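> So the sequence lines, in the order shown, correspond to chains A and B. Residue numbering for the first sequence follows my numbering, starting at 1 and increasing by one per position. Residue numbering for the second sequence follows my numbering, starting at 88 and increasing by one per position. Heads up, the beta-carbon is just placed ideally off N, CA and C, and yes, glycines get one too. Bear in mind that the values here come from a model prediction, so they are computed numbers and not experimental data. There's a structure below that I have some questions on.
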Amino acid sequence: MLVIPCPYCGPRPELEFSYGGQAHVLRPAAATNPDPAGWNAFQYERANTRGLHAERWRHVHGCARFFNVIRDTTTDEVLRSYRSGEK
Amino acid sequence: MSGRWRLAAGGNDLDRSRPIRFEFDGRAYQGLQGDTLAAALLANGVHLVGRSFKYHRPRGIVAAGPEDPNALVTVRRDAARTTPNLNAGQVELYEGLVASSQNRWPSLRFDVGRVNDLLSRFIPSGFYYKTFMWPRTAWHRLYEPRIRAAAGLGMAPAEADPDCYAQRYGHCDVLIVGAGPAGIAAALTAARSGARVLLCDEQPQCGGSVRAERAARIEGKPAAEWLRDAMQELAQAREVTVLSRTTAFAYLPHNMVALSERLTDHLAAPPPGKPRERLWQVRARQVILATGAIERPLVFPGNDLPGVMLAGAARSFLHRHGVLPGNRVALLTAHDESYGTALDLKNAGVDIVGLADLRPRASGALVEAARRAGVPIRAATTAIGTRGNLRISAVGLSALDADGSVSGAPEWVDCDALLVSGGYTPSVHLHSQARGKLRWDGAAQSFVPAAAGQPCRSIGACSGLTGAALAEVFSQAAAAACAALEACGIAARPASFTTSDDMTSGGSWLGALPLPGAMRGGKAFVDWQNDVTAADLALAVREGFRSIEHIKRYTTTGMATDQGKTSNLNALAIAAQQLGRPIPEVGLTTFRMPYLPVGFGGLAGYARGELFAPLRKTPMYDWAAARGAVFEPVAMWQRARYFPQSGEDMHQAVARECQCVRRTCGLFDASTLGKIEVAGPDAVEFMNRMYVNSWNSLQVGRCRYGILLRDDGFVYDDGVVARIAADRLHVTTTTGGAPRVLGMMEDYLQTEWPDLKVWLTSTTEQWAVIAVQGPQARAVLEDLVGQADISAAALPHMAMTRGLVCGVPAMIFRVSFTGELGYEINVPADYGAEVWNAVWQAGQAHGMCAYGTETMHVLRAEKGYIIVGQDTDGTMTPDDAGLGWAVGKSKSEFIGMVSLRKPALRDPDRKQLVGLLTADPRHVLEEGSQIAATPGQRPPMRLVGHVTSSYYSPVLGRSIALAVVSGGRARHGQTLYVPTPRGETAVTVTQPVFYDPKGERLNA
Ligand SMILES: [Zn+2]
């Protein structure tokens, strides 16, 4: 079980969180009339990274906030976390 | 007979004042308090404890600890408390213990399966894969059950486990795994520095190799005395927890280690209610691994006869239990410590008939001491075989030539036990589970820990210090403890431990022993438990396997319950030799958790029975239960499915309930519907972006049926949404969908549209929802709603108002999932039962019935109302479901909007929701049935859709079904064909609305 540093609450055990998939996947707004390739990329294409991976977590049994975590997928080491909208 | 194998004195683990009676395979024996089952059996001269997995060969006790590959037994307390596959070296003796051997029929001494051994040339490695391939169906029906029965590993009890199991979390500065000399020294160092320490050991008593120490003195005391004092010091230290009988079986990410603590298995009469095991999940800032090393057997023909035992195991039995492995003992070794074992046994009165050393020469204090004592030593000598039936009677020793080959004839030396040692393999399991690297130590001939994968350190024998002087182990342990403390930011107080008279030892042999040319191919076992021989490994390489992971899977070496603890390195060495590559190049197979088998009871812990999953009950649950409702689980809710009156089955009850709702009225508990309050100045705009509908035009006090898609354009959830204030919407969801809809809303709100000022609150459990449905609904409620005007004019279909119902503040929704005039009264949950009861009382004069979810399903299907997840399957657009009208036409954004533009999602041949009427009105189709466009097809058939909902409609007096059919809306009136087990059924495609298509009743 990982220890996840919630940027709002501090480090908490993984069972307080839910996983939210790859971070920084840009969702094209409908009004921009996204081309099919771009929309498909948003929907279906993910990096499946080996190594440092930016991913979303939600502190669902805590502050309920979504935030981002940099995790090494080969070691599970969590390097840092930051709020949505931050880098 | 007893007494010949038990010394009159000695045995560090024993309480000689407490004899213990026990039973093995139906025979009564006596042991002593402090014995393991293995020790007690040996004390009674019993070596034969099991039959091997594949060949059913007789097998004996090989090791003293849990690494033993053979001695698996079943321990039975009663029919439910019967545990198979326990290791006799780990089973502690208690008064009245009943154990039995496994994998033999009809008896251990005479086993019919032994015929496999005689046929063994026909069952080489990969035999199962090669032979039982055809026909494929026979594998499941015929071969696998037979193989499993023949290769049994003991039987799990059929009864439910009556014991309870505890679980807890642990937190510490330093977790130390293994309370041998290294672990204890590290624990003392950390404890004296004030750190929070958790020390665990799998044995009943801490001490590890100190308990079998013969001469060394520590801190000026005999080893046993030092051990007692050290454990007392740790017991008194405030921040130290010592757990014995506790196995660290898994090293998980972020320095979490899972421990299994056995609490009552060693007791003759476990106190009722006391947990049998406790599963610990320990989060340690630093971990110190002091897990020791495991002695390797030697690989030569006949090395599996009972009586062949690891030399270190014999020494452990001698010093800890006063037990002798035999009376005429031979040794075959490549490690110096065996000389000490020979010496100790000789001093205990055992006749040492020979000590054969594979090495050309051996030296050192132990060797010299043995030589001086007259142990008959043969250097450069190997074993080419053993004799004996159920127990070794002789070993064939042959001299090794200068080039290491065997040429001369063997000399057969009579013995009743043969002690073997190929040296020690450091137990790097946990280090490897923690993703630490390993390094091949050529001098030690073993893999030792290199860079750690997590904040952990290995000390003592598991770090490669096998056979090292205690002084070296202690100084390494103290230094590691100090380093761990510093990493925790704790000022370490370095400790040192003086030792004297401790001896070093060394030596190693890897792989098969050399054999004369004529003898190649004899059964030299590498993996006892899975019956893998050196020849099997050679065959795998000849057949083209190159990767050690593939060789392992093909031969099954190291894949039994012992996970190859004694065998993996020998298997690797043999494979490497066959491949002509050095061992480190071939590499090790992956170390996986668990280190030792762990019972399911401990893993499940409290999560059993009522605590397995939360059971959600509505405020009206007790009312329904008291009226004999039959419940069904929906998500985690218990929902009343129907209310049978005396003698009714479900169909009769549902028929009555359906008729009642359509004729007069019915009362339904809709409290489980998911409810989310969307509030804030941007609430409407948020809903515009989330749901397909347009919400701007929804007036306060009005409701609308909302559809939520995912961004792939497919229906995700639906429900009625009410605007209960200008800045506030009451959103209902499906019963099962509430949590994921709220999660999805939060996701988009927080990460896509953080600019919106909206707050989301789950209100599912705040409201009890009392649905009154049917032509008499208004008449029932009129007297209960006080000032609230619920007339058709004031409260039309899809309107809501507030008021006092039975004096309780309520939201009254004019909504219907039945197609009848209907209301859903929302009152605070605490008033739910009271208001429900009042409505029920008022309803009696109007012929009201209570109805359940089954009737609700029939009524809604008669109206063609879909249930998301039943009539949709995650691949349906709103248009597919006949709900295209709900999609706002002039919206700039909603979830799934872009996907709905895809040509594939606008294809007129997509499956669309339709109604089906069977030619035979009594025939109720099976839900999930496939639908063909043309009759009489043979498989593979061309299918155009499937049935999603199917019921008998009591009101219509016939069956009805909803289905999704390719291009279905263009097929109305067509005949399609549903293959059923009883033949093909013709069906007519219709509108999906079977009852009151104009909605006159709804709007009454
Ligand atoms: Zn948080």
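Leaving out five residues on either side along the sequence, give the residues of the same chain with a beta carbon under 7 Å from the beta carbon of Leu-666/B.
As a working mapping, residue 666/B is identified with position 579 in the second sequence. Same-chain partners within the cutoff: Val-628, Arg-633 and Val-673.
> Just to confirm, are Ala-859/B and Gly-909/B a CB contact at a threshold of 8 Å?
Here the question's residue 859/B lines up with position 772 in the second sequence. Here the question's residue 909/B lines up with position 822 in the second sequence. According to the sequence shown, residue 859/B is Val rather than Ala. A contact, by the Cβ cut-off of 8 Å.
> Quick one: what does DSSP say Cys-259/B is sitting in, helix, strand or coil?
Walking along the second sequence from the start, residue 259/B turns up at place 172. In the structure shown, Cys-259/B sits in a strand (DSSP, three-state: E or B).
> Which parts of the region 417–442 of chain B are runs of the beta strand (DSSP E), unbroken and 3 residues or longer, counting only runs that do not cross its ends?
Those beta strand (DSSP E) runs which fall completely within the region 417–442 of chain B and span 3+ residues do not exist here.
> Please list the segments of the alpha helix (DSSP H) lying wholly inside the region 101–132 of chain B, counting only runs of 4 or more residues, in order along the chain.
Fully enclosed alpha helix (DSSP H) runs of 4 or longer: 124–130.
> So, using beta-carbon positions, are Ser-595/B and Ala-647/B closer together than 8 Å?
Here residue 595/B corresponds to residue number 508 of the second sequence, with the count starting at 1. Here residue 647/B corresponds to residue number 560 of the second sequence, with the count starting at 1. Taking 8 Å as the Cβ cut-off, Ser-595/B and Ala-647/B do not qualify as a contacting pair.
> Measure the alpha-carbon distance for Pro-542/B versus Gln-177/B and round it to whole angstroms.
By one-based count along the second sequence, residue 542/B stands at place 455. By one-based count along the second sequence, residue 177/B stands at place 90. Spanning the two alpha carbons is a distance of roughly 30 Å.
> Would you check if there are 3 or more beta carbon pairs closer than 8 Å linking the region 508–515 of chain B to the region 485–500 of chain B?
Contact between the region 508–515 of chain B and the region 485–500 of chain B is absent, because fewer than three Cβ pairs lie under 8 Å.
> Can you tell me whether DSSP reads Gln-860/B as helix, strand or coil?
In the second sequence, counting from the first residue as 1, residue 860/B sits at position 773. Strand, per DSSP.
> Can you name, in chain order, every residue of its own chain whose Cβ lies under 7 Å from the Cβ of Gly-51/A, other than the five neighbours on each side?
Within the first sequence, residue 51/A is the residue found at index 51, counting from 1. So the qualifying residues of the chain are Asp-72, Thr-73 and Thr-74.
> By the 10 Å Cβ neighbour count, where 16 or more other Cβ atoms means buried, how is Arg-805/B classified, buried or exposed?
For the purposes of this step, residue 805/B is identified with residue 718 of the second sequence, where counting begins at 1. According to the sequence displayed, residue 805/B carries Asp and not Arg. Classification of Asp-805/B: buried, given that the 10 Å Cβ count is 16 or more.
> If you compare alpha carbons, which of Pro-340/B, Ala-356/B and Thr-333/B is closest to Leu-346/B?
Locating residue 346/B in the second sequence gives position 259, counting from the first residue. With distances taken between Cα atoms, Leu-346/B lies closest to Thr-333/B.
> Are any of the Cβ atoms in chain B nearer than 8 Å to that of Trp-39/A?
Working through the first sequence from its first residue, we reach residue 39/A at position 39. Answer yes: the Cβ-Cβ gap between Trp-39/A and chain B drops below 8 Å somewhere.
> How would you label Ser-89/B, buried or exposed, when you count the other beta carbons within 10 angstroms and need 16 or more for buried?
For the purposes of this step, residue 89/B is taken as residue 2 along the second sequence, with counting starting at 1. Any reading at Ser-89/B must be qualified, since the residue scores a pLDDT of 39, below 50, and its modelled position is unreliable; the value itself is stated next. Exposed, by the Cβ-count rule.
> Give a yes or no on whether the minimum CB-CB distance between Leu-796/B and chain A is below 8 Å.
One-based indexing of the second sequence puts residue 796/B at position 709. No, because no Cβ of chain A sits closer than 8 Å to the Cβ of Leu-796/B.
> Using CA coordinates, which residue listed in Ser-194/B, Gly-715/B and Pro-990/B is at the minimum distance from Gly-734/B?
Reading the second sequence from its first residue, position 647 is the one you call residue 734/B. Answer by Cα proximity: Gly-715/B.
> Could you tell me which chain A residues have their CB closer than 8 Å to the CB of Glu-833/B, listed as they occur along the chain?
Walking along the second sequence from the start, residue 833/B turns up at place 746. Within chain A, the residues near Glu-833/B are Arg-58, Ala-64 and Phe-66.
> Using 10 angstroms around the beta-carbon of Ala-236/B, count the other beta-carbons present and answer buried if the total reaches 16, otherwise exposed.
Position 149 of the second sequence, counted from the start, is the residue given in the question as residue 236/B. Only weak support exists for where Ala-236/B lies, its pLDDT of 49 falling under 50; the coordinates are left without a value.
> If you compare alpha carbons, which of Gln-368/B, Lys-361/B and Ala-570/B is closest to Met-343/B?
Sequence index remark: in the second sequence, residue 343/B carries index 256 (1-based). Checking every option, the nearest Cα to that of Met-343/B belongs to Gln-368/B.
> Give the DSSP bridge partners of Tyr-142/B, in chain order.
The residue labelled residue 142/B in the question sits at position 55 within the second sequence. Tyr-142/B pairs with nothing; no bridge assigned.
> In three-state terms, what does DSSP make of Cys-63/A?
Translated into the one-based positions of the first sequence, residue 63/A becomes position 63. Coil at Cys-63/A, not helix or strand.
> Between Gln-368/B and chain A, is there a C-beta pair that is closer than 8 Å?
Along the second sequence, one-based indexing puts residue 368/B at 281. It does: the Cβ of Gln-368/B has a partner Cβ on chain A nearer than 8 Å.
> When you check each C-beta in the region 505–529 of chain B against every C-beta of chain A, which residues fall closer than 8 Å?
Going along the region 505–529 of chain B in chain order, one finds Arg-522 with a Cβ nearer than 8 Å to chain A.
> Can you have a look at Glu-246/B and say buried or exposed, based on whether 16 or more other CB atoms are within 10 angstroms of its CB?
The residue given as residue 246/B occupies position 159 in the second sequence. So Glu-246/B counts as exposed.
> Whole angstroms are fine: how far does the CA of Met-318/B sit from the CA of Gly-598/B?
Numbered from its first residue, the second sequence carries residue 598/B at position 511. Numbered from its first residue, the second sequence carries residue 318/B at position 231. If you take the alpha carbons of Gly-598/B and Met-318/B, they lie about 39 Å apart.
> For chain B, find out if any of its Cβ atoms is closer than 8 Å to the Cβ of Asp-76/A; answer yes or no.
As a working mapping, residue 76/A is identified with position 76 in the first sequence. Answer yes: the Cβ-Cβ gap between Asp-76/A and chain B drops below 8 Å somewhere.
> Under 9 Å Cβ-Cβ, which residues of chain B neighbour Ala-31/A?
Position 31 of the first sequence, counted from the first residue, corresponds to residue 31/A. Per Cβ cutoff of 9 Å: Ser-979 and Glu-980.
> Any beta carbon of chain B sitting closer than 8 Å to that of Gly-51/A?
Position 51 of the first sequence, counting from 1, holds the residue named residue 51/A. Taking Cβ atoms only, chain B never reaches closer than 8 Å to Gly-51/A, which makes this a no.
> Taking 7 Å as the cut-off, does the CB of Arg-56/A come closer than this to any heavy atom belonging to ligand 1?
Residue 56/A sits at position 56 when you count from the first residue of the first sequence. Incorrect: Arg-56/A has no Cβ contact closer than 7 Å to ligand 1.
> Relative to chain A, which residues along the region 330–341 of chain B have a C-beta separation below 7 Å, given in chain order?
So the close ones are Leu-339, Pro-340 and His-341.
> Can you list, in chain order, the residues of its chain whose CB lies under 6 Å from that of Lys-639/B, leaving out five sequence neighbours each side?
Counting from one through the second sequence, the residue named residue 639/B turns up at place 552. Same-chain partners within the cutoff: Gly-645 and Thr-676.
> Just to confirm, are Arg-12/A and His-59/A a CB contact at a threshold of 8 Å?
Locating residue 12/A in the first sequence gives position 12, counting from the first residue. Locating residue 59/A in the first sequence gives position 59, counting from the first residue. Yes, these two residues count as a Cβ contact at 8 Å.
> Kindly indicate which three-state DSSP category His-53/A falls into: helix, strand or coil?
As a working mapping, residue 53/A is identified with position 53 in the first sequence. Looking at His-53/A - three-state DSSP - the assignment turns out to be strand.
> Do you know whose CA, among Arg-80/A, Pro-7/A and Ala-31/A, lies nearest Ile-982/B's CA?
Position 895 of the second sequence, counted from the first residue, corresponds to residue 982/B. Taking only the C-alpha atoms, the option nearest Ile-982/B is Ala-31/A.
> Below 8 Å on C-beta distance, what does Arg-27/A contact in chain B?
Position 27 of the first sequence, counting from 1, holds the residue named residue 27/A. What Arg-27/A touches in chain B: Asp-798 and Glu-839.
> Report yes if the C-beta of His-59/A is less than 7 Å from at least one heavy atom of ligand 1; otherwise report no.
For the purposes of this step, residue 59/A is taken as the residue at position 59 of the first sequence. Checking every heavy atom of ligand 1 against the Cβ of His-59/A, one is found closer than 7 Å.
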